[in-house]
Amino acid sequence: DYKKLDKKVKAIIYVKVNKASEKPVHGKTGIIEEQFIKHPLVVNVKRLMGHYDFMIEVVCKDIDELNQFLIEKVRSLDSIAETETIVVLNEWSK
166 DYKKLDKKVK
176 AIIYVKVNKA
186 SEKPVHGKTG
196 IIEEQFIKHP
206 LVVNVKRLMG
216 HYDFMIEVVC
226 KDIDELNQFL
236 IEKVRSLDSI
246 AETETIVVLN
256 EWSK
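Residue numbers (our numbering): 166 to 259.
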């Protein structure tokens, strides 16, 4: 439970890779996701089929920490063409 870890915000970030700017090592789809999974805020990363290439699920202490992650770690990459961030208000598990 992420709230027990003093993380109050859960978000899902949908990411589209700019395939025209994919570099041989740092920009390839697959390598980007592997880099994100190592970040302490990231819970999981999923490869997608559709408009977006992958999804990053993160837990943060607040909106400011989420915004900082988006600006510094996601949108700052040349290989990222587009993002859409969804904040989770509530969730249920089976």
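Ideal Cβ placement from N, Cα and C applies to all residues, glycine included.
About 5 Å separates the CB atoms of A176 and V223; that is less than 8 Å, so the two are in contact. Exposed is the label assigned to I236, since fewer than 16 other Cβ atoms lie within 10 Å of its Cβ. Sorting L170, P205, K173, I178 by C-alpha distance to the C-alpha of I245 places I178 at the top.
Remark: C-beta atoms of L254 and V174 do not approach each other more closely than 7 Å. Cα atoms of C225 and K211: separation of roughly 18 Å, rounded to the nearest angstrom.
If you draw a straight line from the Cα of D218 to the Cα of K168, it is about 28 Å long.
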